[in-house]
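Colleague: Can you keep this structure in mind? I'll have questions shortly.
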Amino acid sequence: CIDENRGLTVTARLTAVSGPAPGDTGRASLSLSEAPHHRSGNTTYRRMGWFVGSGLVRARVTAVHVHEVETGNLVFNVPIDTTSGPPYVITQIFQQQSYPGPLRWNDFYDLLGSGRAYVDVHTIDQPGGHLRGTLVPEYPNWREFMHAYCS
């Protein structure tokens, strides 16, 4: 084993953007991990996972987006999988997937880790069907790489 790795988990408490509504709270989290080869420096993988849950009616959710706080620009469109999980789960994956972009990995990783991103959950219900929360890193050492030792 000669890979290094680092990981970042960010979470957000979701609340209604305009007034209280049924299901006006929730939780979102994104997890990122990467591993460059220790000797060559080539990237072995860059993956991410997510969870979004709330009391909203899952079938009425139209999109889950991650935006940059400063500009409001859309930086990631979270895929919605409505086929698994209990009713409060809007979307989740159990195995991390390859990061698809559109931002470069390091830019996305720094944006999330520095608390400069928020998540929006859009529904067909207006007003009050729109949830938002600022993504905050869970651990302070999200920038550091650790050597992965194997026996």
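Take this note's numbering: the final residue in the sequence shown is number 230, and no numbers are missing along the way. Where a beta carbon is used, it is the ideal one built from N, C-alpha and C, also for glycine.
1. What residue from Tyr-124, Glu-113, Val-131, Leu-153 has the CA that sits closest to Thr-90's CA?
2. At the level of alpha carbons, what is the spacing between Val-168 and Phe-155?
3. Give me the Cβ distance between Met-127 and Leu-153, rounded to the nearest whole Å; I'm assuming they're in contact under 8 Å.
4. Select from Leu-214, Asp-189, Val-157, Ser-119 the residue whose C-alpha is nearest the C-alpha of Thr-141.
5. Distance, Cα to Cα, Leu-214 vs Pro-165?
6. Using a 10 Å radius around the Cβ and a threshold of 16 neighbouring Cβ atoms, would you call Tyr-124 buried or exposed?
7. Classify His-146: buried if its beta carbon has 16 or more other beta carbons within 10 angstroms, exposed otherwise.
8. Cα separation between Gly-192 and Trp-221?
Modeller: The relevant details are as follows:
1. On the sequence shown, position 11 is the one that residue 90 refers to. Relative to the Cα of Thr-90, the nearest Cα in the group Tyr-124, Glu-113, Val-131, Leu-153 belongs to Val-131.
2. As a working mapping, residue 168 is identified with position 89 in the sequence shown. As a working mapping, residue 155 is identified with position 76 in the sequence shown. Near 19 Å, if we compare the C-alpha coordinates of Phe-155 and Val-168.
3. Locating residue 127 in the sequence shown gives position 48, counting from the first residue. Locating residue 153 in the sequence shown gives position 74, counting from the first residue. Not a contact, Cβ separation roughly 16 Å.
4. The residue you call residue 141 lines up with position 62 of the sequence shown. Minimum Cα distance to Thr-141 is reached at Val-157.
5. One-based indexing of the sequence shown puts residue 214 at position 135. One-based indexing of the sequence shown puts residue 165 at position 86. Each residue's alpha carbon lies about 23 Å from the other.
6. Here residue 124 refers to the residue found at position 45 when the sequence shown is read from its first residue. Flag for Tyr-124 reads exposed.
7. Along the sequence shown, one-based indexing puts residue 146 at 67. Flag for His-146 reads buried.
8. What you label residue 192 is simply residue 113 of the sequence shown in a count that begins at 1. What you label residue 221 is simply residue 142 of the sequence shown in a count that begins at 1. Gly-192 and Trp-221 have their C-alpha atoms spaced approximately 7 Å apart.
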